[in-house]
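Going by the UniProt record's numbering, the first residue of the sequence shown is number 1, and it counts up by one from there.
Quick reminder that beta carbons are idealized off the backbone N, C-alpha and C, glycines included.
Take a look at the structure below.
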Amino acid sequence: MPGDICCRTIAVSDMVCICGSLTKEDMREVNSMRLIYTAKECGRPLPVGTKCGSKCFILLFFLEKSIYYWSR
């Protein structure tokens, strides 16, 4: 679980805008999958279909659901 400071920062940030603004250079420094999961863990999940850097959240959403299904 992310820390309080991290979650407070996410709470006041426009995560869809941030994700849509990530450039190739940003992607060298920022792990977009970690950004997506951190937002979710902090109670601010990105809408399905949101593109975060080079990753599309709809693909990650289905991947997560299939992992959950097969791990039961």
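Span of the alpha helix (DSSP H), counted from its first residue to its last, around residue i
i, result
"L35", "S32 to E41"
"V48", "From DSSP, V48 is part of no alpha helix (DSSP H); its letter is neither H nor E."
"T9", "D4 to A11"
"M1", "Neither: M1 is in no alpha helix (DSSP H) and is coded neither H nor E."
Whether residue i touches residue j by CB criterion (9 angstroms)
i, j, result
"V30", "G53", "yes"
"R34", "A11", "no"
Same chain, Cβ closer than 8 angstroms to residue i, neighbours up to 5 away in sequence not counted
i, result
"V16", "L46, P47 and T50"
"T27", "Before going on, a small fix: residue 27 reads as Met here, not Thr. So the qualifying residues of the chain are G53 and S54."
Residue i in three-state terms, based on DSSP
i, result
"D26", "helix"
Residues near residue i by beta carbon distance below 6 angstroms, same chain, minus five either side
i, result
"G20", "none"
"I5", "none"
Cβ shell of residue i (< 7 angstroms), same chain only, five flanking positions each side left out
i, result
"E41", "M1 and P2"
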